[in-house]
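Read through the structure below, which is laid out as structure tokens, and then see the notes.
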Amino acid sequence: MQGDIGVSKSTDKGATWQQLGIALNEDWHLSYPYVFEHDGQIYMMPEGSKRGDLRLYKAVNFPLQWKLEKVLIKKPLIDSFIVDYGGKYWLFGSDHSGFGTKKNGQLEIWYSKSPLGPWKPHKKNPIYNIDKSLGARNG
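Here UniProt numbering is used: the first residue of the sequence shown is 1, the next is one more, and so on.
Next up, the structure:
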């Protein structure tokens with residue numbers, strides 16, 4: 001099953017929802033859309049590990065129109081998110097390149113001066129690689 005990134009709106013604190021449409025549809029499965037604002041622009045970093053990389057999209061007409069801005073990391077990271085801490089941006093994600101193997105789901109951290117990159121891997125990657133069932137979910 002392939003997932004797309006959809007948009008819904010609630011005006012009653014989540015009791016009911018109105019579907020606005022599909023925001024992003026690619027030829028591979030998409031999920032876990034991490035959306036953030038930087039320098040007045042809105043960006044989305046969805047999980048799309050089937051493609052083999054982590055991509056950044058920029059809103060053209062928020063929330064339903066997006067364009068590919070760049071490939072951030074050439075690895076199939078899942079459930080990725082960014083934290084602004086200590087004067088740097090930290091990107092957390094689980095490496096999914098070894099799905100079904102011992103390497104499956106190891107947590108990696110990357111850092112940058114900007115959430116748009118370029119990203120450098122933490123010298124101690126993988127940060128977490130003990131219980132594979134825990135390493136795959138970072139949120």
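For every residue, glycine included, the Cβ atom is placed at its ideal position computed from N, Cα and C.
Contact check, residue i vs residue j, beta carbons under 8 angstroms
{"i": "Ser31", "j": "Gly6", "result": "no"}
{"i": "Leu107", "j": "Ile78", "result": "no"}
{"i": "Lys50", "j": "Trp28", "result": "yes"}
{"i": "Leu20", "j": "Leu56", "result": "no"}
{"i": "Pro46", "j": "Leu24", "result": "yes"}
Residue i, DSSP secondary structure in three states
{"i": "residue 140", "result": "The question about residue 140 has no answer, for the chain in this structure spans 1 to 139."}
{"i": "Lys50", "result": "helix"}
{"i": "Gly62", "result": "It should be noted that the sequence gives Phe, not Gly, for residue 62. Residue state, collapsed to three classes: coil."}
{"i": "Gln2", "result": "coil"}
{"i": "Lys9", "result": "strand"}
{"i": "residue 142", "result": "Since the first residue of the chain shown is 1 and the last is 139, residue 142 is not available in this structure."}
{"i": "Gly40", "result": "coil"}
{"i": "Ile22", "result": "strand"}
Supposed contact pair residue j and residue i - C-beta distance, whole angstroms, cut 8 angstroms
{"i": "Asp53", "j": "Pro76", "result": "7 angstroms"}
{"i": "Gln112", "j": "Pro121", "result": "The question names Gln, yet the displayed sequence has Ser at residue 112. Not a contact, Cβ separation roughly 11 angstroms."}
Sequence-distant residues of its chain with Cβ nearer than 8 angstroms to residue i (five each side left out)
{"i": "Asn61", "result": "none"}
{"i": "Trp17", "result": "Ser8, Lys9, Ser10"}
Neighbourhood of residue i by C-beta distance below 7 angstroms, restricted to the same chain and skipping five residues each side
{"i": "Lys58", "result": "Gln41, Tyr43, Trp66, Lys67, Glu69"}
{"i": "Phe36", "result": "Tyr43, Ile82, Pro115"}
{"i": "Asn125", "result": "Glu108, Ile109"}
Host beta strand (DSSP E) of residue i (start-end)
{"i": "Asp79", "result": "77 to 85"}
{"i": "Asp27", "result": "Here Asp27 belongs to no beta strand (DSSP E), and DSSP marks it neither H nor E."}
{"i": "Leu107", "result": "106 to 112"}
{"i": "Leu93", "result": "According to the sequence as given, residue 93 is Gly; it is not Leu. Segment 88 to 95, the beta strand (DSSP E) holding Gly93."}
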